[in-house]
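Below is one structure, written out as structure tokens; the observations come after it.
Numbering (full-length UniProt numbering), first residue to last: 1 to 166.
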């Protein structure tokens with residue numbers, strides 16, 4: 001079978017392209033250098049927001065279950081939720097959002113986790129201020145922390161981890 005034909009017939013690729021506005025017409029990842037250069041930051045940002053919701057759902061869902069249902073300390077619940085959300089986020093960002101291919105997956109994953117530590121600290125500080133200092137709702141504090149983390153994560157992924165190099 002022709003592998004190129006198989007890639008173009010892949011229903012997952014078709015759904016991804018429909019959701020993100022037909023970006024790259026379901027072609028193989030980085031099939032030509034011109035595709036990498038032509039893709040706008042705006043299109044990647046749309047994919048990041050749409051597909052990034054998956055890692056947010058994993059992070060927020062894990063936090064909710066651990067903190068509200070199992071009554072685990074909010075900081076412990078947040079660490080576990082962060083780890084699972086980052087792992088999902090790495091694969092979503094690498095494969096779907098930035099359509100990045102390289103032979104350095106492990107190095108990229110380490111760098112991805114490294115940059116996520118910064119946004120984790122921002123989210124942790126937001127939870128601490130919201131819950132411990134302001135006696136605010138844990139869920140509301142988590143939402144504010146997630147918004148700050150999402151913005152920071154996009155910038156770090158776009159310009160440092162999955163930067164397309166010529």
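For every residue, glycine included, the Cβ atom is placed at its ideal position computed from N, Cα and C.
Model, not experiment: these values are computed from the prediction.
Buried or exposed: which applies to residue i, given that a residue is buried once 16 or more other Cβ atoms fall within 10 Å of its Cβ?
{"i": "residue 104", "result": "exposed"}
{"i": "residue 125", "result": "exposed"}
{"i": "residue 163", "result": "exposed"}
{"i": "residue 120", "result": "buried"}
{"i": "residue 77", "result": "buried"}
{"i": "residue 42", "result": "exposed"}
{"i": "residue 75", "result": "exposed"}
In the DSSP assignment, find the alpha helix (DSSP H) that holds residue i and state where it starts and stops.
{"i": "residue 47", "result": "41-64"}
{"i": "residue 90", "result": "74-91"}
{"i": "residue 124", "result": "105-127"}
{"i": "residue 134", "result": "Note, residue 134: premise wrong, no alpha helix (DSSP H); not H, not E."}
Please report the Cβ distance between residue i and residue j, rounded to the nearest whole angstrom; I am assuming they are in contact, meaning their Cβ atoms lie under 8 Å.
{"i": "residue 189", "j": "residue 130", "result": "Outside the displayed span of the chain (1 to 166) sits residue 189, for which this structure offers no information."}
{"i": "residue 63", "j": "residue 142", "result": "6 Å"}
{"i": "residue 156", "j": "residue 145", "result": "Actually they are not in contact, since the Cβ atoms of residue 156 and residue 145 sit about 16 Å apart, beyond 8 Å."}
Quiz item: Are there three or more Cβ pairs, one per stretch, closer than 8 Å when the segment 70-83 is compared with the segment 41-53?
Solution: no
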